[in-house]
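In the numbering used here, the protein residues as written are 367 to 461.
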């Protein structure tokens with residue numbers, strides 16, 4: 367999931383899919399969500415995309431439950447998420 371305001375215009379409908387084909391969501395009637403007003407009273411538009419065509423920076427929080435959850439502890443590399451999912455789905459560890 368990625369929350370973005372890049373190239374989002376208030377009052378302009380959000381396409382149901384992004385440039386890479388992934389679903390993206392706005393508020394009611396396909397319009398972008400509006401953030402709470404900032405100190406100057408300005409509300410900025412944003413959308414939620416469910417996959418990104420670009421690399422995303424910043425931290426990602428992940429929690430695990432069930433098979434593979436033991437691999438999601440503390441700080442881990444993002445590629446280790448795949449290992450945890452693989453174990454959960456196929457009951458086999460990747461090394």
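Cβ atoms here follow ideal geometry from the backbone N, Cα and C, with glycine treated the same way.
**Prompt:** If you follow the alpha helix (DSSP H) that residue 447 is part of, which residue opens it and which one closes it?
**Reply:** For the purposes of this step, residue 447 is identified with residue 81 of the chain shown, where counting begins at 1. Start and end: 445-456.
**Asked** DSSP three-state call for residue 391: helix, strand or coil?
**Response** On the chain shown, residue 391 is found 25 positions in, with the first residue counted as 1. Reduced to three states, the DSSP call for residue 391 is strand.
**Asked** Between residue 401 and residue 374, what straight-line distance do the alpha-carbon atoms span, to the nearest angstrom?
**Response** Position 35 of the chain shown, counting from 1, holds the residue named residue 401. Position 8 of the chain shown, counting from 1, holds the residue named residue 374. Near 12 Å, if we compare the C-alpha coordinates of residue 374 and residue 401.
**Prompt:** Counting along the chain, where does the beta strand (DSSP E) carrying residue 441 start and finish?
**Reply:** The residue labelled residue 441 in the question sits at position 75 within the chain shown. Counting along the chain, residue 441 falls outside any beta strand (DSSP E), and DSSP gives it neither H nor E.
**Prompt:** On the premise that residue 437 lies in contact with residue 450, defined as a C-beta separation below 8 Å, what is that separation, rounded to the nearest angstrom?
**Reply:** As a working note, residue 450 is residue 84 in the chain shown. As a working note, residue 437 is residue 71 in the chain shown. Right, their Cβ atoms sit about 4 Å apart.
**Between the CA atoms of residue 405 and residue 421 - distance to the nearest angstrom** = The count along the chain shown starts at 1 and reaches residue 421 at position 55. The count along the chain shown starts at 1 and reaches residue 405 at position 39. Each residue's Cα considered, the two are about 31 Å apart.
**Request:** Please state if the CB of residue 367 and the CB of residue 379 are separated by a distance shorter than 8 Å.
**Result:** Counting from 1 along the chain shown, the entry for residue 379 is found at position 13. Counting from 1 along the chain shown, the entry for residue 367 is found at position 1. No Cβ-Cβ contact shorter than 8 Å links residue 379 with residue 367.
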